[in-house]
Amino acid sequence: MDAAVTSAPTPVPVTRTAGEAASADSPAGGGRPPRAAGRTPRPHRARRENLAGYLFMSPWIAGFLLLTAGPMVASLYFAFTDYNLFDAPKWIGLDNFTEMFGDPRWRTSVEITGWYVVIGTPLKLAAALGVALLLNQSRRGQGFYRAAFYAPSLIGASVSIAIVWRAIFSDGAAVDRAQRVFGLDAGGWIGDPDRIIYALVALTVWQFGAPMVIFLAGLKQVPRELYEAAQVDGASPWRRFWHITLPMISPVLFFNVLLETIHSFQIFGSAYIIGSQGNACGPADGTLVYTCYLYIQGFENSRMGLASAMAWMLLLAVGLVTAVLFWSQRRWVHYEEGAR
Amino acid sequence: MLKVAGGSLAALGLTAAGCGTGSGSGDGTVTLRYSWWGSEDRAKRINQSIALFEKKFPKIKIKTDFQPYADFWKKFNTQASGGNAPDVFQNAIGFLRKYDAKNVLLDLREQAGAGNLRLDGFRAGLEKFGEVDGKLLGVPVGSNSMALVVDQAVFTKAGVSPKPGWTWDEYHEALARIRQTQGRAGDAGPYGIMYLYDLYLRQQGKAFFTTSGLGFTEADLTDWWTKAAARVKSGVYADPKKTIPAKPKSAVTAELAGCEFTWDNFAVRYTAEGKSRYGLAPIPTTDGRKTGQYLGSLMLSASKRTEHPKEAAQFIDFMVHDPEVGKIMGYDRGVPATEAQYQAYVPTDEVGKQIAAYEKQLVESRVLEPITPHPAGADVCEAAFMRLAEEMSLGERPVADAVKQYFTEAKTALSS
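These protein sequence lines are chains A and B, in that order.
To convert, count from 1 in the first sequence and add 11; that's our numbering.
To convert, count from 1 in the second sequence and add 1; that's our numbering.
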């Protein structure tokens with residue numbers, strides 16, 4: 012159950028790996044143009060190579076079946092049952108879903124998560140792109156800056172950072188005191204259910220290292236001649252960014268948007284920890300993101316059936332958003348013909 | 002194990018992971034898993050007690066595991082559902098029926114009959130505390146009761162001195178006085194403490210729970226929370242926007258409030274946490290006499306699936322009766338439940354003396370009553386009560402809305 016809950020949103024990365032595995036497999040097998048018939052008959056050799064491929068993949072396949080596919084199938088079944096971990100699951104059809112949609116707390120969690128995705132993701136990507144542009148110029152100490160800006164992402168997933176964040180945004184702590192300098196005596200953000208979510212957004216924006224590195228790689232790929240030509244034509248830096256940089260890195264941008272959006276939907280750790288005094292996930296449900304509520308229903312209220320139904324709902328939502336993003340890329344993602 | 006694992010694929014992983022632990026080895030040595038909730042300080046004391054036990058029972062080894070209260074129950078629930086509950090664990094009244102209904106708790110009556118667990122020598126009838134429907138599901142290790150922890154300096158300066166039998170009106174006058182003279186909120190805000198609201202209800206002949214449901218009406222709760230909302234607004238109760246981020250520090254030691262209701266044995270931590278002197282005051286009453294109080298207790302329970310019920314019972318017996326353990330544990334788990342441990346530990350520190358005096362006064366003034374039943378689902382009810390009270394106090398939810406939501410959630414929790 013645990014695996015199903017935490018891995019519910021993973022199928023996107025999972026299918027990607029599956030795809031990669033499949034394509035890696037095919038050139039070794041049937042994909043190769045038949046050379047002049049050698050001593051070994053082709054079908055036999057292909058089968059042997061396939062076998063070797065599957066053998067090498069077997070740890071992954073076993074892990075996938077046992078740790079991902081199995082629990083997912085189980086969780087799909089539990090989604091239609093009343094299951095408290097102790098008694099045998101009882102089939103109740105769509106009742107979990109009806110209850111979910113009628114639950115005001117569930118709607119709160121959807122709103123908060125939606126808000127977090129819509130606000131947090133673009134801010135994070137903007138920060139990542141902005142810093143990547145700065146770091147793309149050759150200056151002294153570039154290596155140090157790149158490492159320094161990437162560092163928060165390395166430690167970012169840890170519980171300790173969330174705890175530090177909590178301390179920074181508490182009443183009377185650093186952020187509160189800084190606010191007072193500007194005459195904004197509003198107390199800390201942690202105790203305020205309307206503002207605590209901004210602390211989460213700030214945390215995710217601060218952890219822009221991973222998309223930044225990807226942006227940086229993308230920026231390195233943009234041919235210098237384009238800028239030179241534009242400069243000769245007298246294009247301003249802004250126009251160069253808008254008409255050269257952005258279209259040229261749009262595949263990278265698309266990749267980052269996709270990854271970060273999916274990632275944002277799955278926010279749990281920071282919300283759970285930063286909002287965890289008194290009630291889990293925030294004062295007055297201020298950081299009750301979707302996975303947080305899912306966790307509460309599953310592990311605090313022992314309603315694993317309902318939690319499974321929620322996990323599948325999340326999977327559907329993430330799948331839908333991903334599909335929309337893929338559909339939209341025709342309009343704004345520019346793939347160079349015969350990319351360099 | 003078969004029943005659970007047969008019903009669920011997911012539980013399979015949990016049981017498989019747990020199968021290797023808890024069994025005996027060739028030389029007859031038995032290992033028991035013992036888990037409990039609490040702080041580092043309690044961990045030190047428990048480890049000392051266990052060292053004593055292992056010396057006396059060289060064939061039994063104890064493996065411990067501990068978490069804070071809320072995390073403890075999440076972990077326990079997961080373990081128990083996989084048929085892998087610890088052999089011996091700390092328990093409380095709110096969880097007895099829940100885990101009895103789920104077939105997790107060992108009826109210790111049999112072990113008591115076999116002489117592995119003594120049920121005599123308990124104070125004030127405490128041995129009855131862990132009984133549910135004739136089964137003995139837990140053995141009390143210490144008694145505690147709700148109390149009002151006060152910042153004595155603040156109370157003295159404000160000229161307030163609570164006496165047994167004081168009324169809620171007098172209590173609220175005192176809070177207003179503290180607010181006026183000391184510029185500090187009077188109380189941290191009692192509106193979210195289920196156990197205190199239970200006392201308030203009991204003073205009026207009602208109770209928080211009946212054996213199967215809630216023992217109060219929407220109108221009762223509306224009254225309680227409407228008054229609370231007004232008091233938060235007027236500053237008599239502390240601003241939740243300040244007290245919430247101060248946690249885990251209490252509102253009293255963070256100097257945000259003059260007093261707050263909590264369990265009397267928690268008083269120990271205040272002195273360590275804050276700068277002032279802290280004391281215990283009696284629970285306010287409605288009629289000048291009845292406080293609604295009862296003795297509560299932490300208990301030790303054993304798992305129904307333990308392979309070593311005899312050793313588990315011996316360990317519980319040792320932790321509950323041994324005088325040396327009493328000396329080591331002090332009042333950490335409440336005032337010791339057995340005479341032997343109660344006699345063995347004489348508090349020398351001021352807080353310990355106060356707790357002893359407080360409970361002595363409770364017993365002698367004969368205000369104590371039998372405890373309210375805690376139906377299965379009581380723990381979820383408590384969490385919802387705390388959360389909705391918080392939302393109400395923050396002004397995020399109108400009182401009427403919070404009350405309605407509470408009854409909806411409690412009904413779901415108590416029916417499932």
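Where a beta carbon is used, it is the ideal one built from N, C-alpha and C, also for glycine.
Remember, predicted model here, so these are calculated numbers, not experimental data.
- Put simply, the segment 116-136 of chain A touches the segment 297-312 of chain A. At least three CB pairs are less than 8 Å apart.
- The beta carbon of A:Ile201 falls within 8 Å of a beta carbon belonging to chain B, placing the residue at that interface.
- Cβ neighbours of B:Glu410 within its own chain (closer than 7 Å, five residues either side excluded): Ala385.
- Against B:Leu395, the close residues of chain A are Pro204, Pro294 and Ala295, in the order they occur along the chain (beta-carbon pairs closer than 7 Å).
- Contact between the segment 360-375 of chain B and the segment 274-290 of chain A is absent: fewer than three C-beta pairs spanning the two stretches fall below 8 Å.
- By the neighbour-count criterion, in which 16 or more other beta carbons inside 10 Å mark a residue as buried, B:Gly187 falls on the buried side.
- Using a CB distance cut-off of 8 Å, B:Lys311 does not count as an interface residue toward chain A.
- In the structure shown, A:Phe160 falls within a helical segment according to DSSP collapsed to helix, strand and coil.
- Nearest neighbour of A:Leu237 by Cα position, chosen from A:Phe252, A:Val224 and A:Phe219, turns out to be A:Phe252.
- When the Cα atoms are used, B:Leu138 and B:Lys311 turn out to be separated by approximately 15 Å.
- Taken atom to atom, the span from the alpha-carbon of B:Phe156 to that of B:Lys164 is near 13 Å.
- For A:Glu311, no beta strand (DSSP E) run applies, since DSSP gives it neither H nor E.
- Beta-bridge partners of B:Gly335 (DSSP): B:Asp333.
- Excluding residues up to 5 positions away in sequence, Ala86, Pro87, Asp88, Val105 and Leu107 lie with their Cβ nearer than 7 Å to the Cβ of B:Ser304 in the same chain.
- The segment 293-302 of chain A makes no contact with the segment 97-115 of chain A; the number of CB pairs closer than 8 Å stays below 3.
- For A:Ala173 and A:Arg151, the gap between their C-alpha atoms comes out near 33 Å.
- From the beta-carbon of A:Glu311, the residues of chain B found nearer than 9 Å are Ala71, Trp74, Lys75, Asn78, Asp380, Val381 and Ala384.
- Chain order gives no chain B residues near A:Phe279, where near means a beta carbon separation below 7 Å; the closest approach is about 14 Å.
- Per DSSP, reduced to three states, the secondary structure at B:Val326 is helical.
- In the three-state scheme derived from DSSP, where H, G and I count as helix and E and B as strand, A:Cys292 is classed as coil.
- With respect to the C-alpha of B:Thr287, the residue from B:Tyr201, B:Arg98 and B:Ser416 having the closest C-alpha is B:Tyr201.
- Taking the C-beta atoms as reference points, A:Phe160 is found nearer than 8 Å to A:Val142.
- As computed with DSSP, B:Arg34 is found in a beta bridge with B:Lys64.
- Taking the Cα positions, B:Lys158 is about 16 Å away from B:Ala282.
- Taking 8 Å as the threshold, the shortest C-beta distance from B:Pro241 to chain A falls below it.
- Counting of Cβ neighbours within 10 angstroms places B:Asn266 among the buried residues, the total reaching 16 or more.
- Shown here for B:Val161: same chain residues with a beta carbon closer than 7 Å to its own, the five before and five after excluded, namely Ala175, Arg178 and Ile179 in chain order.
- It is roughly 38 Å from the alpha-carbon of A:Asp98 to the alpha-carbon of B:Gln204.
- If you keep only unbroken beta strand (DSSP E) runs of at least 3 residues inside the segment 166-194 of chain B, you get 186-188.
- Residue contact check for B:Ser36 against chain A: no CB pair falls below 8 Å.
- Secondary structure of B:Pro141 (DSSP, three-state): strand.
- In this structure, DSSP gives B:Asn92 an extended state, which the three-state scheme calls strand.
- The distance from the Cβ of A:Pro204 to that of B:Leu257 is about 18 Å, inconsistent with a contact at the 8 Å cut-off.
- Contact between the segment 222-231 of chain A and the segment 200-214 of chain A is absent: fewer than three C-beta pairs spanning the two stretches fall below 8 Å.
- Going by beta carbons, B:Leu296 and B:Ser146 fall inside the 8 Å limit.
- Taking 7 Å as the Cβ-Cβ cut-off, the segment 265-282 of chain B has no residue approaching chain A.
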